[in-house]
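> Take this structure, written in structure tokens, and hold onto it; I'll ask about it next.
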Amino acid sequence: MQEKIMVVGSGLMGSGIAQACAEAGFEVLLADVSLELAENGLAKIKHFLQRKVEKGKLETAQLETILKNISAVDNLEAGSNVDLVIEAVPENVEIKKDIFTRLDRICKKETLFASNTSTISITLLGGFTERPGQVVGMHF
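Numbering (the working numbering), first residue to last: 196 to 335.
This is the structure:
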């Protein structure tokens, strides 16, 4: 079974993380507050991959396989069955609290949570969940 990852936040960091995960063979959900934003993130990924093809670093068939591994979504509920959530939203504690609290209720109990934060305590973020031992920092 292919492992599933949800990346929350489709900006430059989130789309780059989603791309790296898809290139590694994972099924990826790229989530944002609107489908338009998530699809914009997917468009960024397609652009970066096309540049890799132009530079001879990636075959067109590989590009297509990678893109098939990524879906844009506009709701956290889509991640109810993922194995890993990687949060890559702006450095705002209240936004992160809302996301981690909601995901804690939505995701299966085995799901690991990772944050791409560079300034906010992972212990603090873990405290917003019932699974603080499953919350890690993952800086890209």
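For glycine and all other residues, C-beta sits at the position ideal for the given N, C-alpha and C.
These numbers were taken from a predicted model, which means no experiment stands behind them.
#1: Could you please give me the residues that DSSP links to Ser310 through a beta bridge?
#2: If you follow the beta strand (DSSP E) that Val223 is in, where does it begin and where does it stop?
#3: Determine the DSSP secondary structure at Lys291, reduced to helix, strand or coil.
#4: Out of Phe243, Arg326, Ile261, point me to the one whose CA is closest to Asp299's CA.
#5: So what's Ser210 in DSSP terms, helix, strand or just coil?
#6: With DSSP run on the structure shown, which of helix, strand or coil describes Ala219?
#7: Go ahead and label Glu218 buried or exposed: buried means 16 or more other beta carbons lie within 10 angstroms of its beta carbon, across all protein chains shown.
Reading it off the structure:
#1: Partner(s): Glu282, Gly332.
#2: Run containing Val223: 222–226, per the beta strand (DSSP E) assignment.
#3: The answer is helix: DSSP assigns Lys291 an H, G or I state.
#4: Of the listed residues, the one whose Cα sits closest to Asp299 is Arg326.
#5: Reduced to three states, the DSSP call for Ser210 is helix.
#6: Residue state, collapsed to three classes: coil.
#7: Of the residues assessed, Glu218 falls on the buried side of the cut-off, its CB having 16 or more other CB atoms within 10 angstroms.
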